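Contents: one structure, followed by commentary.
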Amino acid sequence: MTGDTMVQTITPELRRWIVEQTVAGFSPESVLDAMVKVGWQPDLAAAALEDSLREHRGQRGGGRAGDAAPVAVPRSQGVAAAPRLPEITLAQSPRCLDAGDRQVRVLATLSQPRVVVLGGLLSDEECEALIALARPRLARSLTVQTQTGGEELNPDRTSNGMFFTRGESELVRRIEDRIARLVNWPVENGEGMQVLNYPVGAQYKPHYDYFDPAEPGTPTILQRGGQRLATLVMYLNEPAEGGGTTFPDVGLEVAPQRGNAVFFSYDRPSPTTRTLHGGAPVLQGEKWVATKWLREREFI
Ligand code: PD2
Ligand code: ZN
44 MTGDTMVQTI TPELRRWIVE QTVAGFSPES VLDAMVKVGW QPDLAAAALE
94 DSLREHRGQR GGGRAGDAAP VAVPRSQGVA AAPRLPEITL AQSPRCLDAG
144 DRQVRVLATL SQPRVVVLGG LLSDEECEAL IALARPRLAR SLTVQTQTGG
194 EELNPDRTSN GMFFTRGESE LVRRIEDRIA RLVNWPVENG EGMQVLNYPV
244 GAQYKPHYDY FDPAEPGTPT ILQRGGQRLA TLVMYLNEPA EGGGTTFPDV
294 GLEVAPQRGN AVFFSYDRPS PTTRTLHGGA PVLQGEKWVA TKWLREREFI
């Protein structure tokens with residue numbers, strides 16, 4: 044979209060979407076940024092945002108709800124800041140990142156969606172220790188029940204899993220501190236690390252990790268720290284065949300290699316982030332991963 048010649052129109056659908064994002068817990072800044080990223084003129088996006096939120100709060104001045112009028116109102120002060128997201132510092136195209144107690148290699152990056160493949164995030168000993176601690180605590184994986192905010196068995200996810208509590212041991216704390224430093228995001232905003240085990244044939248079908256604002260259980264889920272903004276999948280072993288992490292929208296598959304990891308972030312809870320991803324079926328051997336999800340605020 045060039046923006047120079049095109050008249051952009053604020054439709055009722057756009058107003059609804061803006062309100063939904065805000066109700067889902069996203070800041071006005073992040074909603075604005077999302078609109079600009081998909082081609083909205085910043086001034087128009089800011090006006091649409093302000094107008095929709097004012098209307099939502101019942102203070103709308105002028106016009107009717109649902110008007111589809113082109114507007115050209117200057118961007119107001121205070122809504123232009125970029126959203127804060129977990130992010131790896133890549134500005135200088137580094138080969139290596141300082142994660143405090145360990146140097147981590149940058150193996151590959153993609154900017155849209157933001158995906159970073161990391162080498163050597165965990166040592167072999169740390170991978171083995173996580174597996175050993177997780178093994179006796181495994182149960183068939185549950186996913187969040189989006190209708191109610193509870194948990195349920197999900198046929199799309201045939202792995203076994205368990206959660207460590209945040210900071211529950213020296214090993215867990217060490218890894219959490221390393222991740223926090225690497226992705227520039229507070230330890231407190233992370234969910235407890237989840238370990239998953241996939242036997243032969245198990246998979247995690249493509250899905251989004253954010254919570255869908257349209258689902259009735261989402262407001263309950265968001266009370267514990269807001270939306271998920273980023274995911275780090277750490278590979279604890281190497282299945283002989285299969286088990287890659289796939290990103291179907293961008294044709295990417297990350298091979299599971301012990302100690303390596305894939306990071307990806309999503310600045311809005313929308314498929315337009317193109318962060319659809321899955322765990323491909325394990326064809327030979329078994330697969331172990333640890334996943335860290337990062338929230339907007341402290342996860343309690
Ligand atoms: O195990 C994986 O590769 C995988 C794929 C997709 C894990 C997750 N999602 C997840 O834990 O969210
Ligand atoms: Zn996932």
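In our numbering, the protein residues as written are 44 to 343. Positions of the beta carbon are idealized from the N, C-alpha and C atoms, including for glycine. These numbers were taken from a predicted model, which means no experiment stands behind them.
Enumerate in chain order the residues of its own chain whose CB-to-CB distance from Val325 is below 8 Å, with the five nearest sequence positions on each side excluded.
Around Val325: Tyr241, Pro242, Val243, Gly244, Ala245, Gln246, Pro282, Glu284, Gly285, Gly286.
Buried or exposed: where does Asp141 fall if 16 or more other Cβ atoms within 10 Å of its Cβ makes it buried?
The residue in question, Asp141, is exposed, as its Cβ has fewer than 16 Cβ neighbours within 10 Å.
Would you mind reading off the limits of the beta strand (DSSP E) that contains Asp220?
Asp220: not part of any beta strand (DSSP E); member of the alpha helix (DSSP H) spanning 213 to 226, first to last residue.
Applying the criterion that 16 or more other CB atoms from any shown protein chain within 10 Å of the CB defines a buried residue, is Thr274 buried or exposed?
By the neighbour-count criterion, in which a residue is buried when 16 or more other Cβ atoms sit within 10 angstroms of its Cβ, Thr274 is buried.
Length of the line joining the Cα atoms of Asp110 and Ile53:
Residue placement at Asp110 is poorly supported in this model, since its pLDDT is 34, which falls under 50; the coordinates still yield a value, given next. Each residue's Cα considered, the two are about 8 Å apart.
I think Ile222 touches Gly233, with their Cβ atoms under 8 Å apart; what is that distance to the nearest whole Å?
Contact between Ile222 and Gly233 holds, with the beta-carbon distance rounding to 7 Å and staying under 8 Å.
Per DSSP, what kind of secondary structure is Thr274 in: helix, strand or coil?
Strand, per DSSP.
Is the distance from the Cβ of Pro312 to the Cβ of Pro262 below 9 Å?
Going by beta carbons, Pro312 and Pro262 fall outside the 9 Å limit.
Leaving aside the five residues before and after Arg301 along the sequence, list all residues of the same chain whose C-beta is less than 7 Å from its C-beta, in chain order.
For Arg301, where only same-chain residues beyond five positions count, the Cβ hits under 7 Å are Asp167, Cys170, Tyr278, Leu279, Asn280, Glu281.
The alpha helix (DSSP H) that contains Asp167, what's its start and end?
Note, Asp167: alpha helix (DSSP H), 167 to 177.
Report the three-state DSSP secondary structure of Thr132 (helix, strand or coil).
In this structure, DSSP gives Thr132 a state outside helix and strand, which the three-state scheme calls coil.
Between the alpha carbons of Gly322 and Gln135, how many angstroms are there, rounded?
Roughly 31 Å between the two C-alpha positions.
Pull up the distance between the alpha-carbon of Leu161 and that of Leu153, whole angstroms please.
Taking the CA atoms as reference points, Leu161 sits about 12 Å from Leu153.
When DSSP builds the beta bridges, which residues end up paired with Asn203?
Per the DSSP secondary-structure output, Asn203 pairs in a beta bridge with Arg183, Asn240.
Residues bridged to Thr288 by DSSP?
In the DSSP output, where bridge partners are listed per residue, Thr288 has Val297, Gly322.
Under a Cβ-count criterion, where at least 16 other Cβ atoms within 10 Å of its own Cβ denotes burial, should Pro299 be classed as buried or exposed?
Taking all protein chains shown into account, Pro299 has 16 or more neighbouring C-beta atoms within 10 Å of its C-beta and is therefore buried.
Would you check if the distance between the CB atom of Leu383 and the CB atom of Pro129 is smaller than 9 Å?
With the chain running from 44 to 343 in the structure shown, residue 383 is simply not present.
Select from Leu165, Ala151, Phe207 the residue whose C-alpha is nearest the C-alpha of Arg178.
Relative to the Cα of Arg178, the nearest Cα in the group Leu165, Ala151, Phe207 belongs to Phe207.
Could you spell out where the beta strand (DSSP E) holding Pro249 opens and where it closes?
Where Pro249 is concerned, the enclosing beta strand (DSSP E) stretches over 247 to 250.
Candidates Arg157, Arg340, Leu181, Arg58: closest to Gln270 by CA position:
In terms of CA proximity to Gln270, Arg340 leads the group Arg157, Arg340, Leu181, Arg58.
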